[in-house]
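Right, one structure below, let's go through it.
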Amino acid sequence: MTALYQLEERCFSGDRMSRRSLAHHIASPRAIVSVAVDAEHSDIAAYILMLSHAQRRDDRLYSLAVAPTHRGRGLAGQLLQECERLSHAPNLYLEVRTDNDTAIALYQRLGFRETARRKSYYQDGMDALVMIKSKSQ
């Protein structure tokens with residue numbers, strides 16, 4: 194838990210989860226957490242948190258963090274595909290900052306498409322794109 198929180202802190206300058214919120218989500222029976230470990234340094238290289246909701250049909254990719262030293266190695270894509278495999282929902286959705294071109298390109302390559310824009314969604318006023326992927330694709 195501490196290592197995941199430290200990764201959140203390294204990866205996100207704002208809008209990161211508190212330690213309490215992260216612990217709450219991870220403990221939820223509706224959460225799927227997948228982790229990529231850097232065996233050489235005994236450290237977490239990346240993680241993804243997906244949440245399912247009893248009232249919604251779609252699963253939400255809630256957080257994806259890759260340590261700066263491990264970016265560009267395909268870990269985010271691998272974790273996303275793992276969550277897709279584990280999900281029982283027909284669709285996956287996520288929000289992404291409109292200025293995060295690298296993440297948007299990855300999501301598009303993996304079959305996500307933009308469905309909406311949320312104005313001033315993030316703490317600093319940045320908009321978010323809502324992206325969805327149908328698992329039947």
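Residue numbering for the sequence shown follows the numbering used here, starting at 194 and increasing by one per position.
Where a beta carbon is used, it is the ideal one built from N, C-alpha and C, also for glycine.
As the structure is a prediction and not an experimental result, all values here were calculated from the model.
CA-CA distance, Ser313 to Val289, rounds to 12 Å. Listed as beta-bridge partners of Met324 by DSSP are Leu287 and Glu307. Of all C-beta pairs linking the stretch 279 to 293 to the stretch 260 to 269, fewer than three are shorter than 8 Å, placing the two stretches out of contact.
For Tyr255, the enclosing beta strand (DSSP E) covers residues Asp252 to Val259. Beta-bridge partners of Asp317 (DSSP): none assigned. Residue pairing of Ala220 in beta bridges, as defined by DSSP: absent, with no partner found.
Residue state for Asp231 is assigned as strand, using DSSP reduced to three classes.
The C-beta of Met194 has fewer than 16 other C-beta atoms within 10 Å across all chains shown, which makes the residue exposed. By the Cβ neighbour-count rule, Val230 is exposed, with fewer than 16 other Cβ atoms within 10 Å of its own.
Within the same chain, Met324 come within 6 Å of Tyr300 by CB-CB distance, once the 5 residues on both sides are set aside. In the DSSP assignment, Ala298 falls within the unbroken alpha helix (DSSP H) covering Asp294 to Arg302. Only residues of its own chain outside the window of five on either side were considered, and among them Ile225 have a CB closer than 6 Å to the CB of Leu279, listed in chain order.
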